[in-house]
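Chemist: Residue numbers for the sequence shown follow numbering that gives the first Met the number 0, beginning at 0 and rising by one.
Note that the Cβ used here is the ideal one computed from N, Cα and C, for glycine as well.
What follows is a single structure, and I will ask about it in a moment.
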Amino acid sequence: MTDVNRIKILNDTIASIEKMFGKGSIMRLGESKIEKIESISTGCISLDYALGVGGIPRGRIIEIFGPQSGGKTTISLHILAECQKSGGVAAFIDAEHSLSVDYAKSIGVNVDSLLLSQPDYGEQALEIVEALIRSGAIDAIVVDSVAALTPKDELEGNMGDLQVALQARLMSQALRKLVALTSKSKACLIFINQLRDNIGQMWGNAEVTPGGNALKFYSSIRIDVRRISSIKQGDSVLGNKTRIKIVKNKVAPPFKEITVDIIFGKGIDYIQDIIDLSISYDLIKKIGGGWYIFKDKKVQGSSFKKYLEENPQDLDQLKSELINKIESSRIPKKDAIEVSEDHQKEVNDVED
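Right, here's the structure in full:
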């Protein structure tokens, strides 16, 4: 089989797979051109572009997981805030009964219009989610968390009763219905999940997420969120540096990884994210001694961040230039397997 025939057969096979299972079911990892998918911003430019489609895709199920106090709920609240800013309706299913209204408000969530439910058991939570999605009037739902979706039979049983895989069966049954409903409604359904140690596992990753494997399979995107270090000012801890890794992505190439600052009581440091990205795209020059050069201005350290806070017009201009620079860098590259102009005629001859 010639190289030209192999390429034609491969391209035909890829087209057939996409016809059967939809765009994004198979892709070349080096591809930059992603089909336009409607999305909701995360409120963090670096995360929006790491996701590949400008945010969380509509009509999909998303899992955000990681260790405790890593930033999972913070990211979810930012998504709900951005959903509301764009005119959407957002809901928070607080299965853990732990939502801080003040914190949500400080992040930017309009708590007066936020739909909030604190269900008594897992089935109730998932039935509320189903009802909201079936309505077609909801844009984003966050369920916090899968680990807290306790089945009714387990709650009504006695302490010590053996309840084998009740939660896993509950999630599997619910997700089989929710995946199609979510796709039709164009809502974003976000499940927050925790990590557990898999006792007895002697090799590989010993961490597992509660709720069985169904959520892993049905999620279009899985986001791993972990605190990697503290942000300090003197002896005071202001927040955490947080690593966010896209471990599964069915709408864009996966495995992108970013680091963001999450400030206690405020959420993701949006301005610092813009500064860090702008440095990487050479829009801001970082020189010795912690000095920055921006628009012929020389500013040092935290003073630069304060300068942008006090000069929103410069911040908006920097953000606009940054987005343009990122978009221009995402101009599609040639496919990893591409037919040369000389060979294209041979391919056409074969097709004829």
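For the beta strand (DSSP E) containing residue 242, name the first residue and the last one.
Modeler: 235-248
Chemist: Excluding sequence positions up to five away, which residues of its chain have a Cβ less than 6 Å from the Cβ of residue 363?
Modeler: What is shown of the chain runs 0 to 351, which leaves residue 363 out entirely.
Chemist: Alpha carbon to alpha carbon, how far is residue 15 from residue 325?
Modeler: 32 Å
Chemist: Ends of the beta strand (DSSP E) at residue 113?
Modeler: Run containing residue 113: none; DSSP gives neither H nor E here.
Chemist: So which of 182, 237, 222, 164 has the shortest CA-CA distance to residue 212?
Modeler: Looking at the Cα atoms, 164 is the closest of the given residues.
Chemist: Please state the DSSP three-state secondary structure of residue 16.
Modeler: The three-state secondary structure of residue 16, taken from DSSP, is helix.
Chemist: Within 10 Å of its beta-carbon, does residue 166 have 16 or more other beta-carbons around it, so buried, or fewer, so exposed?
Modeler: buried
Chemist: Tell me the rounded alpha-carbon separation between residue 314 and residue 258.
Modeler: Computed Cα separation, rounded: 21 Å.
Chemist: Find the nearest neighbour of residue 191 within the set 91, 6, 47, judged by alpha-carbon distance.
Modeler: Cα-wise, what sits closest to residue 191 is 91.
Chemist: Out of curiosity, what's the CA-to-CA distance linking residue 37 and residue 53?
Modeler: Cα to Cα, the separation comes out at about 8 Å.
Chemist: Could you please give the first and the last residue of the uninterrupted beta strand (DSSP E) stretch that includes residue 256?
Modeler: 256-262
Chemist: What three-state label does DSSP hand residue 108 in the structure shown?
Modeler: coil
Chemist: Secondary structure at residue 83, three-state DSSP: helix, strand or coil?
Modeler: helix
Chemist: Would you be able to state if there are at least three C-beta pairs under 8 Å between the segment 99-108 and the segment 76-89?
Modeler: yes
Chemist: From residue 327 to residue 28, what does the alpha carbon distance come to, in whole angstroms?
Modeler: Using only the alpha carbons, I get a separation of about 19 Å.
Chemist: What are the start and end residues of the alpha helix (DSSP H) that includes residue 183?
Modeler: 165-184
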